[in-house]
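Engineer: One structure, as structure tokens, below. Some questions next.
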Amino acid sequence: MTETPVFPRDQAVPRFVAETVLFVFLAHALAFFLHEYSHAVTAWLLGFKADPLALHYGHADIVNILLQREIDENVAYGPIYAAHRDGAAALIALSGMALGNGALYVLCFWCIRRVRPRDMNRPAVRFLFWLALMGAANLWSYAPIRTITTHGDMAEMARGLHMSPWLLLPFVTLPSILAMYSFFFRLVVPNWAWLFAGGPARPVFAAAMTGLLYFGFFGAAGLFGSYGDVCALLSIVSLFVLFPLSVVFCLLATGMGVIGFGQGHGQDGGAPV
Numbered sequence: 005m006t007e008t009p010v011f012p013r014d015q016a017v018p019r020f021v022a023e024t025v026l027f028v029f030l031a032h033a034l035a036f037f038l039h040e041y042s043h044a045v046t047a048w049l050l051g052f053k054a055d056p057l058a059l060h061y062g063h064a065d066i067v068n069i070l071l072q073r074e075i076d077e078n079v080a081y082g083p084i085y086a087a088h089r090d091g092a093a094a095l096i097a098l099s100g101m102a103l104g105n106g107a108l109y110v111l112c113f114w115c116i117r118r119v120r121p122r123d124m125n126r127p128a129v130r131f132l133f134w135l136a137l138m139g140a141a142n143l144w145s146y147a148p149i150r151t152i153t154t155h156g157d158m159a160e161m162a163r164g165l166h167m168s169p170w171l172l173l174p175f176v177t178l179p180s181i182l183a184m185y186s187f188f189f190r191l192v193v194p195n196w197a198w199l200f201a202g203g204p205a206r207p208v209f210a211a212a213m214t215g216l217l218y219f220g221f222f223g224a225a226g227l228f229g230s231y232g233d234v235c236a237l238l239s240i241v242s243l244f245v246l247f248p249l250s251v252v253f254c255l256l257a258t259g260m261g262v263i264g265f266g267q268g269h270g271q272d273g274g275a276p277v
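Set out below in structure tokens:
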């Protein structure tokens, strides 16, 4: 009796790669705008922004369209501090991470875990997976990666709360670590084999993309933007240690799901029930 392979023969790998790239760009844009609009809407609700939709959009070039490099919330923190509303400044700074990233991850996690994947289109669940990654990985890019610095969201939050970034670090890093654990152990492990069934090339490519995005693209944020030595060191660890480890973990997740480490699997490669 021959053992049934975890994955059937490769099918339509180029189409899968194209789908993944498209989903990644779309998920990144959606998560990015949710983050920036969370800042803007919070500032508007607190009376420090006239138009919640008035972001700084930058130039209409291909890099900005694909990666939103020049877009930000367009919130002036100077007048907020001048009005002695430091707590409001801290809340505005926190809102992007908490609402735009944290709440997004929780929503995606709930959808993937509560809705039976077999009742949904598999590519739709894969899009939710990449969107969940964007939420969780964005948290990682702020805490711990860009917390010990003099500018950016975490620096504004520390200033608004009148506390050292070192004191702020554990409070903002804990949710980020919990999201990371949740993503890799409660989304990746039980769902990986089902999400990326169709041949061995699919989980390998998905594992590389997952590690690259989480600990490479987002984890390397401290190397750019003059965030300082601590942020750069954390990014180096993320890029050269956690990135490869996460790829290996995702590849091993196939076996974990098959042996019941997660919630279970189906005949087509690991659908949770």
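Numbering (the numbering used here), first residue to last: 5 to 277. In this text, a Cβ means the ideal position worked out from N, Cα and C, and glycines have one as well. All values derive from a computational prediction rather than experimental measurement.
Specify the secondary structure class of residue 55 as computed by DSSP and reduced to three states.
Structural biologist: In the structure shown, residue 55 sits in coil (DSSP, three-state: anything other than H, G, I, E or B).
Engineer: Between which two residues does the alpha helix (DSSP H) holding residue 32 run?
Structural biologist: Annotation: the continuous alpha helix (DSSP H) that includes residue 32 extends over 17-49.
Engineer: Among the candidates 162, 192, 55 and 42, whose CA atom is the shortest distance from the CA of residue 256?
Structural biologist: 192
Engineer: From 238, 136, 174 and 156, pick the residue whose C-alpha is nearest to that of residue 188; which is it?
Structural biologist: When only C-alpha atoms are compared, the closest one is 136.
Engineer: Here's a check: name, in chain order, each residue in its chain whose Cβ is nearer than 7 Å to the Cβ of residue 258, leaving out the five neighbours to either side.
Structural biologist: 10, 196, 197 and 207
Engineer: In whole angstroms, what is the alpha-carbon distance linking residue 161 and residue 150?
Structural biologist: 12 Å
Engineer: Is residue 71 a contact residue of the ligand MN, with contact defined as CB to any heavy atom under 7 Å?
Structural biologist: The ligand MN is not among the ligands present in this structure, which contains no ligands whatsoever.
Engineer: Rounded to the nearest angstrom, what separates residue 274 and residue 210 at their Cα positions?
Structural biologist: Because the pLDDT at residue 274 is just 40, under 50, the model does not fix this residue reliably, and the value given afterwards should be weighed accordingly. Going by the C-alpha atoms only, they are around 15 Å apart.
Engineer: Run through DSSP, which three-state label would residue 65 get?
Structural biologist: coil
Engineer: Quick test of the definition: if touching needs 3 or more C-beta pairs under 8 Å, does the region 93-103 touch the region 58-72?
Structural biologist: Contact between the region 93-103 and the region 58-72 is absent, with fewer than three C-beta pairs closer than 8 Å.
Engineer: Going by beta-carbon coordinates alone, are residue 226 and residue 238 separated by less than 8 Å?
Structural biologist: yes
Engineer: On the DSSP bridge list, what partners appear for residue 60?
Structural biologist: 76
Engineer: Under the three-state reduction of DSSP, which class applies to residue 220: helix, strand or coil?
Structural biologist: helix
Engineer: Scan the region 162-188 and note each continuous beta strand (DSSP E) run of 3 residues or more that stays entirely inside, going in chain order.
Structural biologist: Those beta strand (DSSP E) runs which fall completely within the region 162-188 and span 3+ residues do not exist here.
Engineer: In or out: residue 185 buried (at least 16 other Cβ within 10 Å) or exposed?
Structural biologist: exposed
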